[in-house]
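Residue numbers (my numbering): -6 to 141.
Spelled out as structure tokens, the structure:
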């Protein structure tokens, strides 16, 4: 049932994205997940919402090697990277991804997702986003890019 619901939600996200012009006249945002994380619906929802808000969004999807993400950052020069982690087993991979990005760039890194909705948040090379509403994310992105 969860997979069927997820597929329906992804179809709706695609329909919404087709209706959005996505002028991208604001900051460039890279959405990605660590190797091993197969859940991307959070990134898809963020992509839709941020595109509607005028951000230029690059959604890397799943199964992208860390080196390819770093090469993409070097090529496209996004203003912020958001790493989404849904499953607790992927936290260590997310930490490695954030660390490798930090070794190559001073770009702001935000990390969020279901796996980090806990009182015992692990350390990351970047800022962990707590349990915030979707409409608060553009402000977090603006504040993050201004601070760096």
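Positions of the beta carbon are idealized from the N, C-alpha and C atoms, including for glycine.
message: From the DSSP secondary-structure annotation, give me the bridge partner or partners of residue 51.
response: Residue pairing by DSSP places residue 51 opposite 23 in a beta bridge.
query: Less than 8 Å separating the beta-carbons of residue 78 and residue 109?
result: With contacts defined as CB atoms closer than 8 Å, residue 78 and residue 109 qualify as a contacting pair.
field: Collapsed DSSP secondary structure at residue 35 in the structure displayed
entry: Helix at residue 35.
- prompt: Under the three-state reduction of DSSP, which class applies to residue 1: helix, strand or coil?
  reply: Residue 1 carries a helical assignment under DSSP once its states are collapsed to helix, strand and coil.
- request: Taking residue 95 as the reference, give the member of 117, 105, 131, 82 with the closest Cα.
  value: Answer by Cα proximity: 117.
message: Please state whether the Cβ-Cβ distance between residue 34 and residue 86 is less than 8 Å.
response: No; because the gap between Cβ atoms is not below 8 Å, this pair is not in contact.
Integer-rounded CB distance, given that residue 48 should sit under 8 Å from residue 19: Between residue 19 and residue 48 the beta-carbon gap is near 5 Å, inside 8 Å, which marks them as a contact.
field: Other residues of its chain near residue 122: CB distance less than 6 Å, five sequence neighbours each side excluded
entry: For residue 122, where only same-chain residues beyond five positions count, the Cβ hits under 6 Å are 103, 105.
query: Given that a residue counts as buried once 16 or more other Cβ atoms are within 10 Å of its Cβ, and exposed if not, what is residue 113?
result: Residue 113 is exposed by the Cβ-count criterion.
- prompt: Can you tell me whether residue 101 is buried or exposed, with buried defined as 16 or more other CB within 10 angstroms of its CB?
  reply: Within a 10 Å sphere around the beta-carbon of residue 101 sit 16 or more other beta-carbons, which makes this residue buried.
field: residue 41 versus residue 115: straight-line alpha-carbon distance, rounded
entry: Using only the alpha carbons, I get a separation of about 28 Å.
- prompt: With 16 as the cutoff for other CB atoms within 10 Å, does residue 72 come out buried or exposed?
  reply: Buried.
task: To the nearest angstrom, report how far apart residue 54 and residue -1 are at their CA atoms.
output: Computed Cα separation, rounded: 15 Å.
task: Output yes or no for whether 8 Å exceeds the beta carbon distance between residue 66 and residue 39.
output: No, they are not a contact pair.
- prompt: Cβ of residue 30 within 7 Å of any heavy atom in the ligand NAP?
  reply: No copy of the ligand NAP appears in this structure; indeed no ligand is present at all.
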